[in-house]
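Residue numbers (my numbering): -5 to 196.
Ideal Cβ placement from N, Cα and C applies to all residues, glycine included.
Given the structure is predicted, the values throughout are model-derived calculations rather than measurements.
Working notes, beginning with the structure itself.
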Amino acid sequence: MKKRFKTRQLLALLVISLLGFYIYGAQSGDDSPEYPTVQPIAFSHKIHAGENEIPCQYCHAYSSKAAHPGIPSVKSCMGCHNYVLGEDRDYDYNGVKINFKKEIEKLKGYWQRGEPMPWIKFHFVPQHARFKHKPHIRAGMECSECHGDVKDMDLVKPVHKIEMGFCISCHKVEQKTEQEMVKLAAEGKELVYLRDCNTCHY
Ligand code: HEC
Ligand code: HEC
Ligand code: HEC
Ligand code: HEC
Ligand code: HEC
-5 MKKRFKTRQL
5 LALLVISLLG
15 FYIYGAQSGD
25 DSPEYPTVQP
35 IAFSHKIHAG
45 ENEIPCQYCH
55 AYSSKAAHPG
65 IPSVKSCMGC
75 HNYVLGEDRD
85 YDYNGVKINF
95 KKEIEKLKGY
105 WQRGEPMPWI
115 KFHFVPQHAR
125 FKHKPHIRAG
135 MECSECHGDV
145 KDMDLVKPVH
155 KIEMGFCISC
165 HKVEQKTEQE
175 MVKLAAEGKE
185 LVYLRDCNTC
195 HY
């Protein structure tokens, strides 16, 4: 198991670095400065969720309904960006200068070509374990408990290493209120079910 996971991590790293080189290469002929992101465009959570206060679940609409929160399609980005063309504003994105108007024009390029945005994913749970957003969000948890202060990040990167220790550190029995314990018992679940191997492993 361990070996397989390591291979995956290596592959993911390889893909990310290859893409990084590709983006670097594709832009180095150009006058505009490169930004050190592996994402296809310099989408900023700080600008959207922070400055413009767009709620997380406006874009990640399945957070409380399914395993995966969902990433907005180019079409749903265009729901705003047909009208929001962006100021001619220079911005320090993780230490490198970008321009709002130019970045939004790149988004439009994907829309006009009918291409999906090839976003790169940074958060992974290996296939032998399961993680679903729904029960966590339904239990009233905030996104920031696991993802940190995303409102303040341009590029979102994991703040916790997603490994078993991280899950277990929070899956404590003491965390349950009396009411929750009664509810669990009524569902026939044992109090310690959050620490049972089968809760997270198939
Ligand atoms: C305007 C739409 C929008 C809003 C609002 C938004 N996101 Fe996102 N989110 C995205 C897009 C697009 C991606 C994929 C690109 C990326 O990773 O930056 C993403 C990716 C993520 C990722 C995964 C990063 C990865 O690569 O694995 C996390 C975690 C995340 N968002 C959390 C949040 C949280 C928490 C909030 C609220 C504070 C939020 N998002 C608000 C659009 C949005
Ligand atoms: C609810 C409306 C809304 C949605 C949905 C939305 N945006 Fe934005 N976006 C904005 C606003 C407002 C700004 C700030 C424009 C300004 O200040 O000139 C912005 C700025 C931007 C910028 C320039 C700043 C930066 O982040 O680099 C980019 C690029 C961008 N959006 C891409 C996207 C993408 C990609 C999506 C879909 C994943 C998306 N937007 C979804 C409202 C939205
Ligand atoms: C209990 C911890 C926890 C909480 C709370 C949490 N997340 Fe996550 N999130 C994760 C883990 C773990 C992953 C990696 C999941 C995977 O690989 O399936 C992830 C992945 C994501 C991704 C990337 C998904 C993808 O398919 O690329 C997004 C987007 C995201 N979370 C958004 C949110 C938002 C928005 C909230 C709040 C409404 C939230 N998360 C709350 C743990 C959490
Ligand atoms: C709360 C969720 C959760 C519970 C409960 C849990 N695990 Fe895990 N486990 C994970 C996650 C997530 C991973 C993958 C990340 C990692 O490798 O650390 C994992 C990884 C593992 C691995 C692979 C480790 C490696 O280095 O690749 C083994 C073996 C394992 N778990 C055994 C167990 C056993 C045995 C139990 C019961 C005593 C258990 N787990 C309970 C979430 C859980
Ligand atoms: C910050 C706290 C926290 C973290 C971190 C966390 N969990 Fe949980 N998790 C909870 C709570 C609380 C519940 C119980 C929700 C409820 O009452 O139904 C839960 C429930 C679950 C369940 C049972 C869902 C069901 O259908 O009953 C699974 C599976 C699970 N978590 C997996 C994970 C894995 C895998 C990770 C790590 C990647 C993780 N959790 C990280 C707090 C956390």
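Same chain, Cβ closer than 7 Å to residue i, neighbours up to 5 away in sequence not counted
i	result
MET(-5)	Note that MET(-5) has pLDDT 38, beneath the 50 cutoff, so the model's placement of it is unreliable and no number is given.
GLY14	Model confidence at GLY14 stands at a pLDDT of 42, short of 50, so the residue's coordinates are unreliable and nothing is read from them.
ASP146	LYS40, GLY44
ARG132	SER58
VAL119	PHE125, ILE156
GLY64	HIS54, ALA55, TYR56
TYR16	Confidence in TYR16 is poor, its pLDDT being 39 and thus under 50, which makes the residue's placement too unreliable to answer from.
Residue i - containing alpha helix (DSSP H), residue span
i	result
ASN52	What sits at residue 52 in the sequence shown is Tyr, not Asn. From DSSP, the alpha helix (DSSP H) with TYR52 extends over 50 to 53.
VAL68	68 to 75
VAL92	First, the residue type needs correcting, since residue 92 is Ile and not Val in the sequence shown. From DSSP, ILE92 is part of no alpha helix (DSSP H) but of the beta strand (DSSP E) over 90 to 93.
GLU45	From DSSP, GLU45 is part of no alpha helix (DSSP H); its letter is neither H nor E.
GLU139	138 to 141
PHE160	158 to 164
LYS128	127 to 132
Cutoff 6 Å; reference residue i; Cβ partners in own chain excluding five residues on either side
i	result
VAL150	HIS39, VAL144
PHE160	HIS154
MET72	TRP105
HIS165	LEU188, ARG189
Contact under 8 Å by Cβ, residue i with residue j
i	j	result
ALA61	HIS127	yes
PRO66	HIS117	no
PRO34	VAL68	no
LEU101	HIS75	yes
CYS50	CYS137	yes
Residue i CB to nearest heavy atom of ligand 4 below 7 Å
i	result
CYS50	no
ALA123	yes
Own chain residues within Cβ distance below 8 Å of residue i, not counting five before or after
i	result
LYS95	LEU79, GLY80, GLU81, ASP82, ARG83
TYR77	none
HIS195	HIS122, ALA123, ARG124
ILE98	HIS75, VAL78, LEU79, GLY80
Segment limits, beta strand (DSSP E) that includes residue i
i	result
TYR85	84 to 87
Heavy atom of ligand 1 within 7 Å of residue i beta-carbon
i	result
LEU149	yes
PRO112	no
PHE116	yes
HIS62	no
HIS141	yes
VAL153	no
Ligand 3 heavy atom lying under 7 Å from the CB of residue i
i	result
MET135	yes
PHE37	no
Any C-beta of chain C under 8 Å from that of residue i
i	result
GLN51	The structure shown has no chain C; it contains just one protein chain.
Residue i: CB within 7 Å of a non-hydrogen atom of ligand 5
i	result
LEU79	no
CYS71	no
Distance cut-off 7 Å: residue i Cβ against heavy atoms of ligand 2
i	result
TYR187	no
TYR56	no
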